[in-house]
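What follows is a set of notes on a single structure, which appears directly below.
Residue numbers (the working numbering): 23 to 254.
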């Protein structure tokens, strides 16, 4: 499949092989899109992520997941939105037997650290979201965010905190518009984790947005530092 794809580097090839999940037809569809993108001078992996829901690849992936049960589909959707979610925190929402089965099948990557941070196969996970439909997929993620808020710091996860901060920035004009049951201390903690994660991954514009979203009421020394790092 890669014989005509000399433009694809070893990292891209490895990513394609993983996302193909052992399917020859899926490997062909992924490789075709990646090579076409490389010829145009574009990022092959980004091209795979941005593929149309009506493309040959989307149809091939949909056929590939046809036999997956709801627990598997829901797990893939959540973990696609929260790369780096630890096994322990993922098990708050997903049966551990499902997580173990997905790891064994190669659909989840485990970083093998003490936290066992998980990353979903993106092509398969996004097909799972399309299969479930936008409302169900969004509900899966929202349930996890609501749980993070409701538990008020009894447990915590940085990938979920950043996802929550992103939701606030996208959908809520300012901190004053948050529901009354979201205390300012929680807002500060969410924004601090989100800004730190963004800065650690070189996303300075997002880090600055998280650090300043709550205004002077939400300001802390930590958020001021993250804003300064983002602007240097």
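Note that the Cβ used here is the ideal one computed from N, Cα and C, for glycine as well.
*According to the neighbour-count rule (16 or more other Cβ atoms, all chains shown, within 10 Å of its Cβ), is residue 175 buried or exposed?*
exposed
*Count the other CB atoms within 10 Å of the CB of residue 220; is the residue buried (16 or more) or exposed (fewer)?*
buried
*Mind the definition here: the stretch 169-184 touches the stretch 119-128 only if three or more C-beta pairs lie below 8 Å; say whether that holds.*
no
*Which one or two residues does DSSP pair with residue 108 in a beta bridge?*
139
_Cβ neighbours of residue 257 in the same chain (closer than 8 Å, five flanking residues each side left out)_ = What is shown of the chain runs 23 to 254, which leaves residue 257 out entirely.
*Boundaries (first-last residue) of the alpha helix (DSSP H) holding residue 71*: 66-71
_Let's test the definition: count the other Cβ atoms within 10 Å of the Cβ of residue 66 and tell me whether it reaches 16, buried, or not, exposed._
The residue is buried, with at least 16 neighbouring Cβ atoms inside 10 Å.
*Limits of the unbroken alpha helix (DSSP H) element including residue 168*: 156-172
*Would the beta-carbon of residue 144 fall within 8 Å of that of residue 71?*
Yes, they are a contact pair.
*Is it the case that the Cβ atoms of residue 213 and residue 235 are separated by a distance below 8 Å?*
yes
*Backbone CA spacing between residue 253 and residue 226 [nearest angstrom]*: Those two C-alpha atoms are separated by around 7 Å.
*Using the Cα positions of residue 102 and residue 247, report the straight-line distance between them to the nearest angstrom.*
Looking at the two C-alpha atoms, the distance is approximately 29 Å.
*asked:* Determine whether the beta carbon atoms of residue 98 and residue 36 lie at a separation below 8 Å.
replied: no
*The beta strand (DSSP E) spanning residue 130 covers which residue range?*
Element bounds for residue 130: 130-132.
*asked:* Mapping the DSSP letters down to three states, classify residue 227 as helix, strand or coil.
replied: helix
*Cβ distance (whole Å) where residue 108 is taken to contact residue 137 below 8 Å*: Rounded to whole angstroms, the Cβ separation of residue 108 and residue 137 is 4 Å, and the two are in contact under 8 Å.
*Below 8 Å CB to CB, which residues in the same chain sit around residue 69 once its five sequence neighbours on both sides are set aside?*
55, 56, 58, 59
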